[in-house]
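Below is one structure, written out as structure tokens; the observations come after it.
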Amino acid sequence: MGSLQIDVFNPPFVIQVNEDDEYLQKLLWYYKKIIERIQRNGVLKNPLQISSLAGIMLCDELYKEKSKSQVSKGDAGSSGVFSNSEESDEAERITKMLIEKIDKALQ
Numbered sequence: 567m568g569s570l571q572i573d574v575f576n577p578p579f580v581i582q583v584n585e586d587d588e589y590l591q592k593l594l595w596y597y598k599k600i601i602e603r604i605q606r607n608g609v610l611k612n613p614l615q616i617s618s619l620a621g622i623m624l625c626d627e628l629y630k631e632k633s634k635s636q637v638s639k640g641d642a643g644s645s646g647v648f649s650n651s652e653e654s655d656e657a658e659r660i661t662k663m664l665i666e667k668i669d670k671a672l673q
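Each residue of the sequence shown is one higher than the last, beginning at 567 in my numbering.
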């Protein structure tokens, strides 16, 4: 079990999870890179807004990777990321809407 001190916010906090410390440090490094990219843009100043946008950006990355994986396996409609096309269409619609909002916020 590893622990990770997250010092992106004030005050910092510690989490305990079933992962090794090296892996947790890599995750935190990647998260901080996303945060830095948003901060460099200078549009958002509120730490809660910045962390929320970072979470959405990470979800977008994950969704795209899972979608690519499902397409490459040829099971986009079976027991993959989404169980039916309505759910998939709705998720895609929401994701596109969020990406548009993120893009506008970063401009």
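By construction, the Cβ of each residue, glycine as well, lies at the ideal position given by its N, Cα and C atoms.
It should be emphasised that the depicted structure is a prediction, and the values quoted were computed from it without experimental measurement.
- Burial state of L619 is buried, judged by a 10 Å Cβ sphere holding 16 or more other Cβ atoms.
- Annotation for L593: the continuous alpha helix (DSSP H) segment containing it runs D587 to N607.
- With 16 or more other Cβ atoms inside 10 Å of its own Cβ, I616 counts as buried.
- In chain order, V574, I616, S617 and A620 place their CB closer than 8 Å to the CB of I601, counting only its own chain and leaving out the 5 sequence neighbours on each side.
- Straight through space, the alpha carbons of V637 and E631 are spaced by roughly 10 Å.
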